[in-house]
Amino acid sequence: PGADTAVVTRATLAYGRKAALCTTVGINTGVMLWAAASAVGLAALLSASAVAFTVIKLIGAAYLVYLGILSLNQARRHDVARDGRPQPEAALGQSSWATYRQGIFTNLLNPKVGVFYTTFLPQFISPGENVILKSMLLAGIHNLMGFLWLTGYAYLVARAGDVLRRPAVRATLDKVTGVVLIAFGLRLALERR
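In terms of this note's numbering, the sequence shown opens at residue 1299 and continues consecutively.
Next up, the structure:
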């Protein structure tokens, strides 16, 4: 579990299963875009250029810290109706497009995903094979595994939603998620290639 799992947790608890699915689709879109960039050689720039890697890394770290701060702010908000019961998911109002964007940016702004695809996938491509086709096939398999994991995880979090949306539990989870996202952002910012 990493930043993707934390972002899906946040989306599930804050906005429900549909938002978690949109976040997951965004994450997987980012994975496929990195795979495509790798297949055509663009992601290799990250391996070759310390400046490009650092710029994307710092933007990605700032984005994770931003999501963490949003989670911490959400912990302070009153997401509870006057009678103390959790609000229904629809009342929380986050668009599908917004949660999709959070998912895709979480992945696109993580240069380690690009480096992973430029260093890991080529090992499984034999000379003479269609690089783009084989890269996309391998990325598709990786993407399917990630999609199954994240949607299954979101389903379990949503099933436990009534308990997890209790005001005290929700505030604690939002704080933990916020701290985790900030920690991932700081770790990414301080990590060397």
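Just so it is clear, CB atoms sit at the ideal spot from N, CA and C, and this is done for glycine as well. Please read all numbers here as calculations on a predicted model, not as lab measurements.
Inset, instruction - Output the distance between the C-alpha atoms of S1424 and A1317, rounded to the nearest integer angstrom. - result: 39 Å
Would you mind sorting L1488 into buried or exposed? The rule is 16 or more other CB atoms within 10 Å of its CB. L1488 is exposed by the Cβ-count criterion.
| field | From L1446, V1329, L1356 and L1343, residue whose alpha carbon lies closest to that of M1434 | value | V1329
query = Between the Cα of N1276 and the Cα atoms of L1331, T1307, L1311 and A1301, which residue gives the shortest distance?
reply = Residue 1276 is absent from the model: the chain starts at 1299 and stops at 1491.
Discussion item. Would P1409 and G1358 be called neighbours here (beta carbons separated by less than 9 Å)?
Written reply: yes
Subject >> CA-to-CA distance, V1323 to A1290, given in whole angstroms >> reply: What is shown of the chain runs 1299 to 1491, which leaves residue 1290 out entirely.
#### Entry: Under 9 Å between C-beta atoms of A1301 and T1404
yes
>> Pop quiz: G1479 and S1369 are said to be a contact at Cβ under 8 Å. What is the actual Cβ separation, rounded to whole angstroms?
In response: In the sequence under discussion, the amino acid at residue 1479 is Leu, which differs from the Gly named in the question. At roughly 6 Å, the Cβ-Cβ gap stays under 8 Å, so L1479 and S1369 are in contact.
By the DSSP assignment, the alpha helix (DSSP H) with N1371 in it spans what residues? Note, N1371: alpha helix (DSSP H), A1348 to R1374.
Quick check: the Cα distance between L1419 and M1443, rounded to an integer number of angstroms? 15 Å
C-beta contact flag for V1429 and A1337 at 9 Å: In terms of Cβ geometry, V1429 and A1337 form a close pair [threshold 9 Å].
query: Beta carbon of I1439, beta carbon of T1327: below 9 Å?
result: no
Supposed close pair A1373, A1469 - CB separation, criterion 8 Å = 5 Å
- Query: In three-state terms, what does DSSP make of R1464?
  - Reply: coil
task = Check whether the Cβ atoms of G1366 and F1445 sit closer than 9 Å, and answer yes or no.
result = no
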